[in-house]
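For the sequence shown, my numbering gives the first residue as 7, with consecutive numbering after it. Heads up, the thing below is written out as structure tokens.
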Amino acid sequence: MRTLALIYLSAALLISGCASTPTTPASALESAKAMTPDNPFAAPSTLYMQMPAFDKIDNAHYAPAFVQGMSDHLVEIDAIANDPTPATFANTMVPLEKSGQLLNRVSIVFYALASADTNDTIESLRAELAPKMSAHFDNIFLNEKLFGRVKALHDTRADAGYDAESLRLVEETYKQFVRAGALLDEAQKETLRGMNAEIASLQTQFSQNVLNEVNAKAIVVED
Numbered sequence: 007m008r009t010l011a012l013i014y015l016s017a018a019l020l021i022s023g024c025a026s027t028p029t030t031p032a033s034a035l036e037s038a039k040a041m042t043p044d045n046p047f048a049a050p051s052t053l054y055m056q057m058p059a060f061d062k063i064d065n066a067h068y069a070p071a072f073v074q075g076m077s078d079h080l081v082e083i084d085a086i087a088n089d090p091t092p093a094t095f096a097n098t099m100v101p102l103e104k105s106g107q108l109l110n111r112v113s114i115v116f117y118a119l120a121s122a123d124t125n126d127t128i129e130s131l132r133a134e135l136a137p138k139m140s141a142h143f144d145n146i147f148l149n150e151k152l153f154g155r156v157k158a159l160h161d162t163r164a165d166a167g168y169d170a171e172s173l174r175l176v177e178e179t180y181k182q183f184v185r186a187g188a189l190l191d192e193a194q195k196e197t198l199r200g201m202n203a204e205i206a207s208l209q210t211q212f213s214q215n216v217l218n219e220v221n222a223k224a225i226v227v228e229d
């Protein structure tokens with residue numbers, strides 16, 4: 007899950023190229039149909055190192071995968087947060103790290119192509135995704151019950167007998183939650199949510215403005 011969050015945070019800062027930005031994008035996420043089993047993101051790739059099957063991926067696959075991926079991720083997070091048993095590394099950190107696999111698969115490909123080989127459809131969806139992905143991760147990092155479990159593991163880490171890797175994961179996960187605002191009160195969290203959504207949208211708008219300017223100034227040289 008931490009990897010997925012880092013993918014999104016990095017993607018929020020990318021500067022795209024090679025496409026113009028539509029001025030009136032349709033709501034691809036709201037109109038997205040249910041993801042079907044033949045969607046390339048529905049299951050892990052069978053290629054070497056689970057490399058994406060780019061020859062099977064087209065623009066229509068992204069929105070359904072993002073919608074389903076965010077939904078599945080929150081179901082997984084809810085199960086962890088509401089586990090009635092005391093927090094342990096096995097019932098909290100392990101499932102937290104494994105959560106969001108579908109969202110991870112589609113995010114890696116989508117934001118990589120948005121950076122390297124974008125088009126109008128991708129740019130429209132990227133603009134629509136910005137505030138929604140921001141809200142999605144706020145719903146995770148500002149989840150009081152989930153943070154309570156992470157904090158319980160962090161507070162008892164000295165006596166838990168973790169190996170170096172597990173200890174590092176507990177400490178870094180706790181730090182990530184705190185930096186995302188987990189220690190704020192409810193009023194401050196609501197303010198933060200609004201700020202995060204606005205920043206995400208403005209970052210995307212800025213990168214797309216740069217993209218349009220670069221395309222407008224491009225010089226095409228023919229032999």
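Where a beta carbon is used, it is the ideal one built from N, C-alpha and C, also for glycine. This structure is a prediction, so every number in the text was calculated from the model and none was measured.
{"Check": "Keeping to the same chain, check which residues put their C-beta closer than 7 Å to that of Met7; ignore five residues upstream and five downstream.", "Outcome": "Leu102, Glu103, Ser105 and Gly106"}
{"Check": "Since I believe Tyr180 is in contact with Val5 (beta carbons under 8 Å), could you give me their beta-carbon distance rounded to a whole number of angstroms?", "Outcome": "Residue numbering for the chain in the displayed model covers 7 to 229; residue 5 lies beyond these limits and cannot be assessed."}
{"Check": "Sort Val226, Ala224, Asp123 and Ala193 by Cα distance to Asn65 and report the nearest one.", "Outcome": "Asp123"}
{"Check": "Using a threshold of 8 Å, state whether the C-beta atoms of His67 and Leu109 are closer than that.", "Outcome": "no"}
{"Check": "Using DSSP with H/G/I as helix, E/B as strand and the rest coil, what is Leu148?", "Outcome": "coil"}
{"Check": "I believe Leu131 touches Ala69 by the beta-carbon criterion, under 8 Å. Please report the beta-carbon distance rounded to the nearest angstrom.", "Outcome": "6 Å"}
{"Check": "Where Lys151 and Ala203 are concerned, what is the direct C-alpha to C-alpha distance, given to the nearest angstrom?", "Outcome": "22 Å"}
{"Check": "Give me the Cα-Cα distance between Val81 and Thr42, rounded to the nearest whole angstrom.", "Outcome": "19 Å"}
{"Check": "May I have the straight-line CA-CA distance separating Pro31 from Arg163, to the nearest angstrom?", "Outcome": "Note that Pro31 scores a pLDDT of 49, beneath 50, so its modelled location is shaky and nothing firm can be said."}
{"Check": "Would you kindly check if the distance between the Cβ of Ala188 and the Cβ of Phe153 is under 8 Å?", "Outcome": "yes"}
{"Check": "What is the residue span of the alpha helix (DSSP H) that Ile114 lies within?", "Outcome": "Gln107 to Ala122"}
{"Check": "So for Asp161, helix, strand or coil by DSSP?", "Outcome": "helix"}
{"Check": "Using C-beta distances below 6 Å, list every residue in its chain close to Ala158, excluding the 5 sequence neighbours before and after it, in chain order.", "Outcome": "Ala93"}
{"Check": "Nearest by alpha-carbon distance to Ser213: which of Tyr117, Val73 and Asp191 is it?", "Outcome": "Tyr117"}
{"Check": "Along the chain, where does the alpha helix (DSSP H) containing Met55 start, and where does it finish?", "Outcome": "Neither: Met55 is in no alpha helix (DSSP H) and is coded neither H nor E."}
{"Check": "Taking the alpha carbon of Ser84 as the reference point, which residue from Ile205, Leu148 and Ala206 has its own alpha carbon closest?", "Outcome": "Ser is not the amino acid found at residue 84; the sequence shown has Asp there. Cα-wise, what sits closest to Asp84 is Leu148."}
{"Check": "What residue from Asn221, Asp144 and Val176 has the CA that sits closest to Ser201's CA?", "Outcome": "The identity of residue 201 in the sequence shown is Met, whereas the question assumes Ser. The shortest Cα separation from Met201 among Asn221, Asp144 and Val176 belongs to Asp144."}
{"Check": "Does the distance from the CB of Glu134 to the CB of Ala34 come in under 8 Å?", "Outcome": "yes"}
{"Check": "Beta-carbon within less than 8 Å of Pro28's beta-carbon, same chain only, minus the 5 sequence neighbours each way: which residues are those?", "Outcome": "Only weak support exists for where Pro28 lies, its pLDDT of 47 falling under 50; the value from the coordinates is given anyway. Result list for Pro28: Asp126, Glu129 and Ser130, in chain order."}
{"Check": "So which of Val220, Lys223 and Ser140 has the shortest CA-CA distance to Glu196?", "Outcome": "Ser140"}
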